[in-house]
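Step one of this worksheet: look at the structure below.
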Amino acid sequence: MAPRQEYTGEENGYFSFPLRFLFYTLFSFISGSICYHYGMHFYIDSDEANYYLAAQDMAHGNFTLKGWVFSPDNFWLIDILGMATLIKFGGLGITAPHLMAAIWWAGVTFCALCLANPPQKTWSWVRCLPVILFIAFPPLYEHRPSGFITFVPYHVGTLFYGLCGLVAAQMISIRKNSVINYLLLGITALPIFTSDFFGVVFYVMPLVFVSLLFRLKGENTVPPKGLITAFGIAFIISEFIKIYVHHNDGFIAHTLHSKFISIEEMPSKIIYTMKSVFDFFGVDFFGHKVGSAIPDLIKLIPFLVFCLFLYKKIKTRKAYCLIGFDYISSSLFLGGTIIFFASLFSDFSLYKEDIIRYFLPFFVFYILIYTRNAQINKFLFLVPCFLISIVYISTWGTITKTKSSFKDIFGVHHQMDTAYIEEKLKENNLRLGYAGYWEASVVTANSQGRFLSRAIKVSEREVSNSPLGHDQCQLSPYVWISKLDWYKKSNFENEKQIFFITHIYGEEHDSWLLQDRVINNLGQPDKIIPLGDNLAIDVYNTERVFACQSLYTWEKHGKRVDL
190 MAPRQEYTGE
200 ENGYFSFPLR
210 FLFYTLFSFI
220 SGSICYHYGM
230 HFYIDSDEAN
240 YYLAAQDMAH
250 GNFTLKGWVF
260 SPDNFWLIDI
270 LGMATLIKFG
280 GLGITAPHLM
290 AAIWWAGVTF
300 CALCLANPPQ
310 KTWSWVRCLP
320 VILFIAFPPL
330 YEHRPSGFIT
340 FVPYHVGTLF
350 YGLCGLVAAQ
360 MISIRKNSVI
370 NYLLLGITAL
380 PIFTSDFFGV
390 VFYVMPLVFV
400 SLLFRLKGEN
410 TVPPKGLITA
420 FGIAFIISEF
430 IKIYVHHNDG
440 FIAHTLHSKF
450 ISIEEMPSKI
460 IYTMKSVFDF
470 FGVDFFGHKV
480 GSAIPDLIKL
490 IPFLVFCLFL
500 YKKIKTRKAY
510 CLIGFDYISS
520 SLFLGGTIIF
530 FASLFSDFSL
540 YKEDIIRYFL
550 PFFVFYILIY
560 TRNAQINKFL
570 FLVPCFLISI
580 VYISTWGTIT
590 KTKSSFKDIF
600 GVHHQMDTAY
610 IEEKLKENNL
620 RLGYAGYWEA
630 SVVTANSQGR
640 FLSRAIKVSE
650 REVSNSPLGH
660 DQCQLSPYVW
670 ISKLDWYKKS
680 NFENEKQIFF
690 ITHIYGEEHD
700 SWLLQDRVIN
710 NLGQPDKIIP
720 LGDNLAIDVY
730 NTERVFACQS
740 LYTWEKHGKR
750 VDL
C-alpha cells in the first residue's frame, strides 16, 4: 500500500473517527430530509405507483409477488422490499415511495462521503465539500428532471448498494476486516444480481476488471480471486433464489431487449444528455431568467473547476486513464465511463430528459474521482455550499406554505395530478375501470384504492370503422408492471358501470388510450364526462364491456391465456 500523504491544502481538516461518523451522518440526514421534503411536492407516475402497489402486496404476505409481471429490472429485493418494510412496520401509505427514496439518497450521500477521502491520504473534511455541494445539496428547489431521485424505483437504491460495495472494497485494499468486507461485497451484489442488472454494469464488472488489471501491473490491492469468489457466490445464490421464485409461481419479468439508438436520434440524445448532466450539477441556467438562474450561477464556478480537472487528467493520460489512479478511483472511472457511453448510445424507449436516471452513477462516480484526486480549494466550494444552504432555507418554507406541487418534470406528460379525476369518479359513483398506462395505476395509488383503474391498450391489428364483435375486440391488458389478477372478469361483476379514462386526441401510442379507439371497439359510451381539453371519462354498461373478451386475456409467448 502506498504511504499516507498529508493533505496539501491550507489546513489538514482532520477529524477523529467518531467525529467523522457524526459529520457523515449529519449531512446524510440533511440530504435525505431535502429529498423527502421536496419529493413530497412532486407527482408520481404510474411506474412508481405500480411498484408501490407491488410493495403493498408484499407487505400483506405475497413475498414472491405471485401473479405480478415486471419490467426487466424488477427491483424486487431493492425498492419493493424496502417499501414493503416501511408499509409493514411503519404503517405508511402513499408516502412510502418518497420516504424510501429519501433513505436511499441519504445512504448514497453517506457512502459518497466515506469514499471522498482515499486511504493513502490524510483524511480531511475539505475533500468532502464537492460531495456536499453537488450530492448532499441536490438542486431540488428547481423542480427539474434531477428530481427523479425523490422517486422509486429509479436505480438510486441500486447505486447505494454499489457504493456500499465500493466502501468494502476500499477497506479490503488497506487490509482491514477482509472477511467481513468480502461478505459485504457478496451481500451488496446479491440484490443487484436478483433485481437490477444495471448495477452489474457500473459496480460488479468494473471492480473485477480493474482488480485483474492491477494484478497484471503487479499491484495486489484487492485480490481478483477473493473478489470473483464473493461475487460468484452471490450470483449462484441469486440463481437459486430465481429458481425458488419460479417454482413457487412468483413474479415474472419481461426479457431485456437492448439496441443502439438510430443515427437520426443522436443529435437529440446528445442534447438531452448534456441537459441531464447540467441538471445533476445544478447549472442548467439556459433559457431561464437571470433571477431564477442565480442558484445555477452559484454552482457554476465549482462545476467549471471540476470540468477543468477532468480535461487535464484525460489530456495528460489519454488511453492510460486507469493506470494513474488508485484502485477505487480506477473502478469509479471505468464504471462511470461505461455507464455514460452505454446510456448515450442505447435506446431505452425513453424521451427527452427521462433518460437522466441512467446517468446517475456517472455523476456520482466522477465527483468522487475529483474529490479523491484533486487538490480542493476550500473557499471555492465552502462559499457555494453556504449560499445554496440559504437557497434551501428560503425555499423550504415557501414550498410548504404555498402547497406547491410540480408535475411533468421530464417534459413527457407522465406525472399528473389525479385529484380532479378522483372527484369526478366520486360524483358519478364510479369505482372500477380502465385507462392508458400513464393514467391508470396512479389513480389507484393516489386514491388509496378507493378507485381501481387498470391499464389497457389497443392491439396493433387494423381497426374497422364499426364496433367489433366480442371475438374481434382489440382492447387488452397492458401487462408491463402489473398484476394479472387485476384483469379478472370476476373483479368487475358487481359493477353496473365501468369507466374508461381516455384522451380525446393525440398521437397513436400504446401507452395512451384514445377515445375513438375505445369507441371503435365498444361503440358510443352511455355517458361522457369531460376532464379538461384532452381527457374524458367514458362510461359503459358492464355487459357491453364484458363482450370484449380480449380485456380478460393475456397474450403470453404468442398464446392467449384467460385471466
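In this text, residue positions in the sequence shown follow the working numbering: the first is 190, and each later residue adds one.
Where is the CB? At the ideal position from N, CA and C, for every residue including glycine.
Fair warning: this is a prediction, and the values are worked out from it, not measured in the lab.
Counting only runs that start and end within the segment 367–452, where is the beta strand (DSSP E) found for 3 or more residues in a row?
Segments of the beta strand (DSSP E) lying fully in the segment 367–452: there are none.
Looking at the unbroken beta strand (DSSP E) that takes in Y203, where does it start and where does it end?
From DSSP, Y203 is part of no beta strand (DSSP E); its letter is neither H nor E.
Distance CB(V399)-CB(L254) smaller than 7 Å:
No, these two residues do not count as a Cβ contact at 7 Å.
CA-CA distance, Y203 and I324?
Y203 and I324 have their C-alpha atoms some 21 Å from each other.
Can you tell me which of the three DSSP states Y516 falls into?
Helix, per DSSP.
Look at I670 and N370 and say whether their C-beta atoms are less than 7 Å apart.
Result no, Cβ atoms of I670 and N370 do not sit closer than 7 Å.
Quick one: what does DSSP say L657 is sitting in, helix, strand or coil?
Model confidence at L657 stands at a pLDDT of 44, short of 50, so the residue's coordinates are unreliable and nothing is read from them.
Hey, could you find the ends of the alpha helix (DSSP H) N239 is sitting in?
S235 to A248 is the extent of the alpha helix (DSSP H) around N239.
The segment 348–362 / the segment 402–412 touching (three or more Cβ pairs under 8 Å):
These segments touch.
Can you say whether P456 is buried or exposed, counting buried as having 16 or more other CB atoms within 10 angstroms of its CB?
In the assembly as shown, P456 is an exposed residue. Its beta-carbon has fewer than 16 other beta-carbons within 10 Å.
Is the beta carbon of G375 less than 7 Å from the beta carbon of A423?
Taking C-beta atoms as the reference points, G375 and A423 count as a pair closer than 7 Å.
Would you check if the distance between the CB atom of P491 and the CB atom of P573 is smaller than 7 Å?
Cβ distance < 7 Å, so P491 and P573 count as in contact.
Quick one, are the C-beta atoms of L416 and V397 less than 7 Å apart?
With contacts defined as CB atoms closer than 7 Å, L416 and V397 qualify as a contacting pair.
Sort D246, F554, D543 and Y667 by Cα distance to A624 and report the nearest one.
Proximity to A624 across D246, F554, D543 and Y667 peaks at Y667, based on C-alpha coordinates.
At the level of alpha carbons, what is the spacing between Y232 and N723?
Between Y232 and N723, the C-alpha separation is close to 19 Å.
Cβ contact (3+ pairs, closer than 8 Å) linking the segment 528–535 and the segment 288–299
In short, these stretches do not touch, since the Cβ pair count stays below three.
Measure the Cβ-Cβ separation of L302 and Y213 and say whether it is below 7 Å.
A contact, by the Cβ cut-off of 7 Å.
Mind the definition here: the segment 558–569 touches the segment 430–444 only if three or more C-beta pairs lie below 8 Å; say whether that holds.
Proximity of the segment 558–569 to the segment 430–444 falls short of the contact definition, fewer than three beta-carbon pairs being nearer than 8 Å.
Check F469 in the structure and name its three-state DSSP category.
Residue state, collapsed to three classes: helix.
Using the rule of at least 16 other Cβ atoms within 10 Å of the residue's Cβ for burial, across every protein chain shown, is T444 buried or exposed?
T444 should be labelled exposed.
According to DSSP, what are the bridge partners of S642?
Its beta-bridge partners are G622.
N-terminal and C-terminal residue of the alpha helix (DSSP H) that Q704 is part of:
Counting along the chain, the alpha helix (DSSP H) containing Q704 begins and ends at Q704 to L711.
Through-space distance from H692 to L657, alpha-carbon basis:
Its pLDDT being 44, under 50, L657 is placed unreliably by the model, and nothing is read from it.
Neighbour-count burial assignment, M463, 16 or more Cβ in a 10 Å radius
Classified as exposed, M463 has fewer than 16 neighbouring CB atoms from the shown chains inside 10 Å of its CB.
Reducing DSSP to helix, strand and coil, say where K365 ends up.
If DSSP states are grouped into helix, strand and coil, K365 belongs with coil.
Please state the DSSP three-state secondary structure of K685.
DSSP, read as helix, strand or coil, puts K685 in coil.
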